[in-house]
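Numbering (our numbering), first residue to last: 23 to 177. Cβ atoms here follow ideal geometry from the backbone N, Cα and C, with glycine treated the same way. The structure displayed is predicted, hence computed values, not measured ones. Worksheet for the structure shown next.
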């Protein structure tokens, strides 16, 4: 690809239902110790996490891939924080050997369904080649979150 050619941009959209009330699901996305339990899935181990949950606040998460030992740093800036309703933040990453071309954008909308919660996820501004990997990672991470919520191991 030449320097003037841009990779196509893709959008990942998913909806997941969780076996917990909206307050617990929202906390699972916004409290560092909770995110550390599920935000790496089964393929990574958490090294450090810091979430400054306010518009303009920074998220910073370091993890190590268990099989390869490669360390990843994930970071972004919260653009909108509406408790129990919506999170919007930029998302960027790097390793020792590569970095995202530019930040993507993650939007999470939380819908109370009584004792259950539906979460709409829109991960946009993704380079087209990253869509499949991003979908695989989100599915893994959210599956771990659901398991922890069902077993009531987060709160």
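| Based on the DSSP secondary-structure assignment, which residues constitute the bridge partners of residue 128? | DSSP lists 111 and 145 as partners of residue 128.
Q) What whole-angstrom Cβ distance do residue 172 and residue 41 have, given they're in contact under 8 angstroms? A) Cβ-Cβ separation between residue 172 and residue 41: approximately 5 angstroms, consistent with a contact (criterion under 8 angstroms).
Legend entry - Selection from 77, 90 and 141 that minimises the alpha carbon distance to residue 104: Of 77, 90 and 141, the smallest CA-CA separation from residue 104 is found for 77.
| Reference residue 87, options 165, 43 and 116, closest by Cα | Nearest of 165, 43 and 116 to residue 87, Cα basis: 116.
Item to complete: Evaluate residue 24 with the Cβ neighbour count: other Cβ atoms within 10 Å of its Cβ, from every protein chain shown; 16 or more gives buried, anything less gives exposed.
Response: Unreliable positioning characterises residue 24 in this predicted model, as indicated by a pLDDT of 40, which lies under 50. A coordinate reading is not provided.
Original post:
How far does the alpha helix (DSSP H) with residue 99 in it reach, from first residue to last?
Top reply: Taken as a continuous stretch (DSSP letters only), residue 99 belongs to no alpha helix (DSSP H), being part of the beta strand (DSSP E) at 93 to 104.
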